[in-house]
Amino acid sequence: MNIERVEVLAVAPQVQKFTWSHDIPEQHMTNTIVRIFTDEGLEGVGGVSNYTSYDFDRYTTETMRHLIPALVGKDPFAREQIWNALWSRVFPYPPQSLAAIDIALWDLFGKHANQPIHQLLGGAQQRIQAYASTPLFDDIPAYLEFIQDMLDQGFRAIKFHCWCLPEKDRALVRAARKEFPDEGIEFMLDVENNYDWQQSLEMAKELTDLGFTWFEAPLMDFDLEGYRKLTARSDVPIIPSGNWIQDLPAYEHALQSHCWSRARTDVTVCGGFTPAKKYMALVEAAGMPCEVMSWGNTLISSANLNLMLGTGMSSYFEQPVPYEPYEYGMQETIRTGDDGFITAPQGPGLGYAIDWEAMQAAVIHRLDSRDLF
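Residues in the sequence shown are numbered consecutively from 0, following numbering that gives the first Met the number 0.
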């Protein structure tokens, strides 16, 4: 079997937009999709989400203009060989470009094997608890109303994206715990790398007193020394954003430096399933969980869900809410059950069917290998 054709689509639906910090405008979320077709009629699909200010992203699609010619004619099952051949040793490509291709190759392999990817990765579990991952709201009453709505739907864990201003954030977490004191309701706080070290330490103490499950992204991911000191002095678990360390040796160094209480990564950030397996092996050797991200469009969430279920090293699935903006272009979607859990997809590959008519209707940029050479 050989790769016969590759198509890349930048899908930009007009759906509700959100932000996650006081200083970031509402984000345009582009779903960049790779379709890999073989000479035996199999198709693999992979996608990544891009979040950009003021307009939709086209650069991820354009980056693949330089990668597509290297795919045509190759054996689609030689995933490790293909990934290494595409990885640049001089000037790096965006990891999302490599990830979308690699995810599509794994999806194709799963369809060939008639198995979901989580089974191919080990099949460690068939369901996982979800937490509702909020956007930024205008005020505390809006958060409290949203928390109640999520609890009514079955969630027992909620992560706040907030203003990323310490005093306002402190008022939010206090109000949330006062309104919902039940120890069975878990809260997390994500401040998007916005705090300095002293602000982080003070908030960590506050979250410890309030019984929060973790404190996410207080510092820039590269501030390993700051994280090491903060983790050593905090009782609430500390985790990074997981977006910035995109190199395997650097990730291993961070783990060995005891920077975090729990690790974090994302299939679309680290370059696909092929390197993600290695990231997870390093985390397992370090003896900690890996709270894999799954924020974004359904294709992105499905890739990370398969990684979580395959390896069994994550405590929670990050469910982006409200649901609908992230579900555009899908016939099947990922939704948390009324028991607060996500169940494993049963279909082969990524496991979720796509509405190609809807996807095509929202395409703003396209590449096709038949037009490139």
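We treat Cβ as the ideally placed atom computed from N, Cα and C, and that holds for glycine.
Buried versus exposed call for residue i [16 or more other C-beta atoms within 10 Å across all chains shown]
i	result
G336	exposed
E317	buried
S52	exposed
L371	exposed
P344	buried
F186	buried
P165	buried
R88	exposed
H117	buried
W259	buried
K177	exposed
A131	buried
P68	exposed
D148	exposed
E191	buried
W86	exposed
D168	buried
Bridge-paired residues (DSSP) for residue i
i	result
A302	Its beta-bridge partners do not exist; DSSP assigns none.
D354	D354 is not bridged to any residue.
W213	M187
F17	Q26
V153	At residue 153 the sequence reads Gly, which differs from the Val that was named. Answer is none; G153 lacks a bridge partner.
H257	Answer is none; H257 lacks a bridge partner.
A262	C289
F372	Answer by DSSP bridge pairing: none, since F372 is not bridged.
Endpoints, the beta strand (DSSP E) within which residue i is located
i	result
F316	F316 to P319
R365	V362 to D367
E3	I2 to V10
Y50	E42 to S52
T332	Taken as a continuous stretch (DSSP letters only), T332 belongs to no beta strand (DSSP E), as it is neither H nor E.
T342	F340 to T342
Boundaries (first-last residue) of the alpha helix (DSSP H) holding residue i
i	result
T273	F272 to A285
A373	With the chain covering only 0 through 372, there is no way to say anything about residue 373.
N83	R78 to L85
N116	Note that residue 116 corresponds to Ile in the displayed sequence, not to Asn. Where I116 is concerned, the enclosing alpha helix (DSSP H) stretches over I116 to L119.
S199	W196 to D208
G225	L223 to R232
T376	For the chain, the structure presents residues 0 to 372; residue 376 sits outside this window and is missing.
CA nearest to the CA of residue i, picked from the options
i	options	result
A156	P140, P180 and D138	P180
A170	K73, V33, D138 and P288	D138
L223	V235, L254, W213 and D234	L254
Y250	A285, H65 and A131	A285
V47	A141, G309, S20 and I100	I100
K204	P217, A11 and V268	P217
L104	I127, G121, R78 and G241	R78
M307	Q128, T18 and D74	Q128
Y194	G183, E215 and L209	E215
V268	I102, L66 and F36	I102
A262	K228, Q15 and M312	M312
Where residue i falls: helix, strand or coil (DSSP)
i	result
Y92	coil
C289	strand
Q128	strand
V71	coil
R34	strand
G348	strand
F108	helix
F159	strand
I237	strand
P324	helix
F136	coil
F55	coil
Q147	helix
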